[in-house]
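Residue numbers (my numbering), protein chains in the order written: chain A, 4 to 296; chain B, 14 to 398. Every residue, glycine too, gets a C-beta built ideally from N, C-alpha and C. These notes concern the structure reproduced below.
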Amino acid sequence: MQIEINHLNQYYGKKQVLYDINLSISTGMFGLLGRNGAGKTTLLKTLVTLLPTNEGEIRMNGIDIHDQKKIRSIIGFLPQEFSMYGNMTAYQALDYLAVLSELDKRTRQTRINALLEQVNLTIHKNVKVKAMSSGMKRRLGIAQALLNDPKILVVDEPTAGLDPEERLRFRNLLAEVSENKIVLLSTHIAGDIEAAAENVAILEQGRIIFSDSIEQLLLNAQGKIFSVQVPRTELNAAKKQVQIISLQQDGSTSHLRFIGNPAASIMRHPLVIEERPTLEDAYLYLLSMKGGD
Amino acid sequence: MAGCPLHRAFLFTQLGSDFISLKQPEPGKNDYGIGRATDKHAIQQQTIFSLLQQYNSKGFNTYPFGFLKTVTPSKSDKATIKEILERATGKSVAELNQAQSNLAIENPQIDQFALAEKFVLAKDYTYPAFEKDMRKVEELIGKGSDFSKNVYLNQTRRQLNYEEATKNFQTTLTKDRVSGAFARMTCDYLGLVLALVPVFIAATVVLRDKRAQSQLVIHSKRISSFKLYGTRFLATVLLVLLPVILFSLLPAIQSVYVAQKYQHTGDLLLFYQYIIGWTLPTIVAVIGISFLITTVFNGLVSVIFQLGFWLLSLMSNGRNIVGSVGFNLIPRFNTVGSREVFEQIFSELVINRVFWFALGLICFLLSCVIFDRKRKGRMHYGNSR
Numbered sequence: 004m005q006i007e008i009n010h011l012n013q014y015y016g017k018k019q020v021l022y023d024i025n026l027s028i029s030t031g032m033f034g035l036l037g038r039n040g041a042g043k044t045t046l047l048k049t050l051v052t053l054l055p056t057n058e059g060e061i062r063m064n065g066i067d068i069h070d071q072k073k074i075r076s077i078i079g080f081l082p083q084e085f086s087m088y089g090n091m092t093a094y095q096a097l098d099y100l101a102v103l104s105e106l107d108k109r110t111r112q113t114r115i116n117a118l119l120e121q122v123n124l125t126i127h128k129n130v131k132v133k134a135m136s137s138g139m140k141r142r143l144g145i146a147q148a149l150l151n152d153p154k155i156l157v158v159d160e161p162t163a164g165l166d167p168e169e170r171l172r173f174r175n176l177l178a179e180v181s182e183n184k185i186v187l188l189s190t191h192i193a194g195d196i197e198a199a200a201e202n203v204a205i206l207e208q209g210r211i212i213f214s215d216s217i218e219q220l221l222l223n224a225q226g227k228i229f230s231v232q233v234p235r236t237e238l239n240a241a242k243k244q245v246q247i248i249s250l251q252q253d254g255s256t257s258h259l260r261f262i263g264n265p266a267a268s269i270m271r272h273p274l275v276i277e278e279r280p281t282l283e284d285a286y287l288y289l290l291s292m293k294g295g296d
Numbered sequence: 014m015a016g017c018p019l020h021r022a023f024l025f026t027q028l029g030s031d032f033i034s035l036k037q038p039e040p041g042k043n044d045y046g047i048g049r050a051t052d053k054h055a056i057q058q059q060t061i062f063s064l065l066q067q068y069n070s071k072g073f074n075t076y077p078f079g080f081l082k083t084v085t086p087s088k089s090d091k092a093t094i095k096e097i098l099e100r101a102t103g104k105s106v107a108e109l110n111q112a113q114s115n116l117a118i119e120n121p122q123i124d125q126f127a128l129a130e131k132f133v134l135a136k137d138y139t140y141p142a143f144e145k146d147m148r149k150v151e152e153l154i155g156k157g158s159d160f161s162k163n164v165y166l167n168q169t170r171r172q173l174n175y176e177e178a179t180k181n182f183q184t185t186l187t188k189d190r191v192s193g194a195f196a197r198m199t200c201d202y203l204g205l206v207l208a209l210v211p212v213f214i215a216a217t218v219v220l221r222d223k224r225a226q227s228q229l230v231i232h233s234k235r236i237s238s239f240k241l242y243g244t245r246f247l248a249t250v251l252l253v254l255l256p257v258i259l260f261s262l263l264p265a266i267q268s269v270y271v272a273q274k275y276q277h278t279g280d281l282l283l284f285y286q287y288i289i290g291w292t293l294p295t296i297v298a299v300i301g302i303s304f305l306i307t308t309v310f311n312g313l314v315s316v317i318f319q320l321g322f323w324l325l326s327l328m329s330n331g332r333n334i335v336g337s338v339g340f341n342l343i344p345r346f347n348t349v350g351s352r353e354v355f356e357q358i359f360s361e362l363v364i365n366r367v368f369w370f371a372l373g374l375i376c377f378l379l380s381c382v383i384f385d386r387k388r389k390g391r392m393h394y395g396n397s398r
């Protein structure tokens, strides 16, 4: 099973928003990382046939993207902004969407109950959508995306706005469902991808600036990430020298995690320690190398 | 549904009084109602009489857009109208007014209708001359007056006698089986409401996905655009039609009761043939047009459009509320009975209903095409080269 994207260019009116996108995505979880406005949602909308493809080629599981009916029968989509009609219960919402997925009655009943169980909404199946928390709605969203047992699951910013507990629960859920499927997870939060994805592509201003394994991304950032403790009074001076990844205050001391800069004087600080890069570190390092902030 | 209480209130308040009015004529009465006059002399007589009345008053009443506008002609125009009156009657205006006063003194109970019947025209005043004079009057005071051709032809009335009233009554019993007559009246009232109310429901249905933030999820599902829109269109039509059928039950049962009262059998099937045949095209047209406009503009523009169109349709009928059809969305037949008028306009009505039904379906199909383009991102989501 594969998604093949070749030389995709995408436009909004005359404005180009995706430039020569080339990707090959195999079974498992694939992360699409990028800032807000990088073009991730545009790419995802193109893949789920909500935007036309006029320049470039896309094949999903061997099916050309222009064969929309076939494509829609093998994909499941959870958009960033997801909701359903407020007066429907969880069960009714899933049932309605299952009808739109052209599932027969028996399949609908079986699958909806199974999915409600999987996303932990069985006891809430009679709760109206308008009464649901964000976490519950997001779980409902994943359930509806899985209704037609898709081969390809496309998820856009699934944990945005969720509390840490919900976020963790959702990541685990995604990891669970990615077996034997392609799960394309688009996010600006590196932590969403780190747990379960093997491969990642990074989109910056409509261009792919990295597409490889997460291991390779981390390798690229090896030896580039550092930490140091400095008095709070030296914080501003440090900020001017290096790009800060994270900052923790502890009384009058600041714990900095930063991207190394050989020319910076802070590199010669006696308390500087080289750190093992996380995915977020590596991502920010890559962006800084490409001229991002 | 927003329209249900409106339908119910409308029907209950409007139809009760007409139920009472369907009575068998009794001999020896003074009044057997009024019918439309087709006799040319009667038309001339009543129209010239009305011209005299309005000449004597402060101004001439016109209804250019369905609303009353009083026109005060200039001195020279008024002089022209005076000449017309004098030519039509062979008498001066002063003499005419004197004659009217004398009649009123001789018979203080006399009404305007009776006065018009006694109005004397000049023997050599031909109908073509009358038509020419009325065109002149219309030119002077503007359209929408009592002197426009379509108005004086449709609004000239005459007193019915016992035989005529009995014949009309028998026709209502035998040919209409009472139910047909009641159905036409019911459809008249329903048409007024159905030409507007469904637009609110249709616009809400089309905009529901956007408001619920479920557009992207629904649009990416496998179902075809035609099926998705088609089921919604059908559901909306049924949502409006079912209460229409339900609330028509009252006048339908009334018609059966009245028929039984006069030892005849009402006909519910006939009643509902009228209801479906008359109201369904209006429902389909309003919903189809609303689907199209709302899909294109994504907002409540269709409501504003339909409100304007509804007002225009109402005004286009003018003051003729029995047998006014043309290509109006709201054909009028605000009476119980008058089968001979219905027979005259029947083919016109059929063409009218087929036209609006077809237009509604065409608009719906166009809305499917536009929705499909939007769903594929070729319109709403941005243009691709």
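query: For H69/A, does the count of other Cβ atoms within 10 angstroms reach 16, so buried, or fall short, so exposed?
result: As a working note, residue 69/A is residue 66 in the first sequence. Answer is exposed; the Cβ neighbour count stays below 16.
- prompt: Comparing the C-beta of E105/A with each C-beta of chain B, is any distance below 8 Å?
  reply: Your numbering for residue 105/A matches position 102 in the first sequence. It does; some Cβ of chain B falls within 8 Å.
- prompt: For P82/A versus L203/B, is the C-beta spacing smaller than 8 Å?
  reply: Taking the first residue of the first sequence as position 1, residue 82/A is located at position 79. Taking the first residue of the second sequence as position 1, residue 203/B is located at position 190. In this structure, P82/A keeps its C-beta atom at 8 Å or more from the C-beta atom of L203/B.
message: Just list the residues that DSSP pairs N74/B with in beta bridges.
response: For the purposes of this step, residue 74/B is taken as the residue at position 61 of the second sequence. Beta-bridge pairing links N74/B to T83/B.
message: Could you compute how far the alpha carbon of L65/B sits from the alpha carbon of N365/B?
response: Residue mapping note: residue 65/B aligns to position 52 of the second sequence, counting from 1. Residue mapping note: residue 365/B aligns to position 352 of the second sequence, counting from 1. A straight line joining the alpha-carbon of L65/B with that of N365/B spans about 38 Å.
When F359/B, I383/B and V349/B are compared against S192/B, the one with the closest alpha-carbon: Start at 1 with the first residue of the second sequence, and residue 192/B comes out as number 179. Comparing Cα positions, the closest option is V349/B.
message: Beta-carbon within less than 8 Å of L81/B's beta-carbon, same chain only, minus the 5 sequence neighbours each way: which residues are those?
response: Start at 1 with the first residue of the second sequence, and residue 81/B comes out as number 68. Within the same chain, L81/B has close Cβ partners N74 and T75.
message: Is N9/A close to chain B? Criterion is C-beta to C-beta, closer than 8 Å.
response: Position 6 of the first sequence, counting from 1, holds the residue named residue 9/A. For N9/A, the nearest beta carbon of chain B is not closer than 8 Å to its own beta carbon.
query: Whose CA, out of S105/B, T185/B, L209/B and V297/B, lies closest to the CA of S326/B?
result: In the second sequence, counting from the first residue as 1, residue 326/B sits at position 313. Ranking the options by Cα distance to S326/B, first place goes to L209/B.
field: Interface flag, G243/B vs chain A, CB-CB below 8 Å
entry: Against the second sequence, residue 243/B aligns to sequence position 230. So no, G243/B is outside the interface.
query: In its own chain, which residues sit with a C-beta less than 6 Å from the C-beta of F132/B, not counting the 5 before and 5 after it?
result: The residue labelled residue 132/B in the question sits at position 119 within the second sequence. These residues qualify, in order along the chain: Q58 and F62.
message: Counting only beta-carbon separations shorter than 8 Å, does V230/B have a partner in chain A?
response: Reading the second sequence from its first residue, position 217 is the one you call residue 230/B. By this cut-off, V230/B is an interface position.
Beta-carbon neighbours of K389/B, restricted to chain A and to distances below 9 Å: Locating residue 389/B in the second sequence gives position 376, counting from the first residue. When 9 Å is used as the limit between beta carbons, K389/B is near these residues of chain A: T52, L53, L54, P55 and Q71, in chain order.
- prompt: Using CA coordinates, which residue listed in D166/A, T56/A and E278/A is at the minimum distance from Q13/A?
  reply: Within the first sequence, numbered from 1, the residue matching residue 13/A stands at position 10. The alpha carbon of Q13/A has as its nearest neighbour, out of D166/A, T56/A and E278/A, the alpha carbon of T56/A.
query: Between the C-alpha atoms of A117/A and N129/A, what's the straight-line distance to the nearest angstrom?
result: As a position in the first sequence, residue 117/A is number 114, starting the count at 1. As a position in the first sequence, residue 129/A is number 126, starting the count at 1. Roughly 15 Å between the two C-alpha positions.
- prompt: For the alpha helix (DSSP H) that H54/B lies in, which residues bound it at each end?
  reply: Within the second sequence, the letter at position 41 stands for residue 54/B. For H54/B, the enclosing alpha helix (DSSP H) starts and ends at K53 to N69.
- request: For my contact list, V186/A and V231/A are in at a C-beta cut-off of 8 Å; report their separation, rounded to the angstrom.
  value: Here residue 186/A refers to the residue found at position 183 of the first sequence. Here residue 231/A refers to the residue found at position 228 of the first sequence. That pair is no contact at about 38 Å.
- request: Report the three-state DSSP secondary structure of Q251/A (helix, strand or coil).
  value: Locating residue 251/A in the first sequence gives position 248, counting from the first residue. Residue state for Q251/A is assigned as strand, using DSSP reduced to three classes.
- prompt: Taking Cβ positions, are Q244/A and I276/A nearer each other than 8 Å?
  reply: By one-based count along the first sequence, residue 244/A stands at place 241. By one-based count along the first sequence, residue 276/A stands at place 273. Not closer than 8 Å, so no.
field: Alpha-carbon spacing of P330/A relative to L378/B, whole angstroms
entry: The requested residue 330/A does not occur in the structure, where chain A is confined to residues 4 to 296.
- prompt: Would I343/B pass as a contact of L205/B if the rule is Cβ separation under 8 Å?
  reply: Here residue 343/B corresponds to residue number 330 of the second sequence, with the count starting at 1. Here residue 205/B corresponds to residue number 192 of the second sequence, with the count starting at 1. Yes.
- request: Examine the Cβ distances between the region 254-266 of chain A and the region 211-222 of chain A and report whether three or more of them are shorter than 8 Å.
  value: The region 254-266 of chain A vs the region 211-222 of chain A: no contact.
field: Limits of the beta strand (DSSP E) - the one that T190/A falls within
entry: If you number the first sequence from 1, residue 190/A lands on position 187. Segment I185 to T190, the beta strand (DSSP E) holding T190/A.
- request: Enumerate in chain order the residues of its own chain whose CB-to-CB distance from A266/A is below 6 Å, with the five nearest sequence positions on each side excluded.
  value: Counting from one through the first sequence, the residue named residue 266/A turns up at place 263. Answer for A266/A: no residue qualifies.
- request: Take A96/A as the anchor and find which of R235/B, L362/B, I288/B and S227/B has the nearest alpha-carbon.
  value: Taking the first sequence and counting its residues from 1, the one referred to as residue 96/A is at position 93. The candidate whose alpha carbon is nearest that of A96/A is S227/B.
task: Rounded to whole angstroms, what's the CA-CA distance from K136/B to V297/B? Just pull it up for me.
output: Within the second sequence, numbered from 1, the residue matching residue 136/B stands at position 123. Within the second sequence, numbered from 1, the residue matching residue 297/B stands at position 284. Roughly 54 Å separates the two Cα atoms.
- request: Scan the region 88-170 of chain A and note each continuous alpha helix (DSSP H) run of 4 residues or more that stays entirely inside, going in chain order.
  value: As far as the region 88-170 of chain A is concerned, its whole alpha helix (DSSP H) runs of at least 4 residues are 93-103, 108-121 and 137-148.
message: Please state the DSSP three-state secondary structure of D146/B.
response: Residue numbering aside, residue 146/B sits at position 133 when the second sequence is read from its first letter. Note: D146/B maps to helix in three-state DSSP.
Three or more C-beta pairs below 8 Å linking the region 91-103 of chain B and the region 179-188 of chain B: Not touching, per the Cβ criterion.
message: For K18/A and G209/A, what's the separation of their Cα atoms in angstroms?
response: Along the first sequence, read from residue 1 onward, the residue named residue 18/A stands at position 15. Along the first sequence, read from residue 1 onward, the residue named residue 209/A stands at position 206. Straight-line Cα distance between these residues: approximately 11 Å.
M63/A - DSSP class collapsed to helix/strand/coil: As a working mapping, residue 63/A is identified with position 60 in the first sequence. Three-state DSSP puts M63/A in a strand.
task: Confirm the yes/no value for this check: CB of K71/B, any heavy atom of the ligand ATP, distance under 7 Å.
output: No copy of the ligand ATP occurs in the structure displayed, which carries no ligand at all.
- prompt: How should Y140/B be labelled, buried or exposed, when 16 other C-beta atoms within 10 angstroms of its C-beta is the threshold for buried?
  reply: By 1-based counting over the second sequence, the position of residue 140/B is 127. By the C-beta density criterion, Y140/B is exposed, having fewer than 16 other C-beta atoms within 10 angstroms.
- prompt: What are the boundary residues of the beta strand (DSSP E) that A204/A is part of?
  reply: The residue labelled residue 204/A in the question sits at position 201 within the first sequence. Its beta strand (DSSP E) spans residues N202 to E207.
field: For M147/B, the nearest candidate out of I47/B, L98/B, K104/B and F246/B (CA to CA)
entry: To locate residue 147/B, count along the second sequence from 1; it is residue 134. Distances from the CA of M147/B to each of I47/B, L98/B, K104/B and F246/B were compared; the closest alpha carbon is that of L98/B.
- prompt: How is I236/B classed by DSSP in three states: helix, strand or coil?
  reply: By 1-based counting over the second sequence, the position of residue 236/B is 223. Coil at I236/B, not helix or strand.
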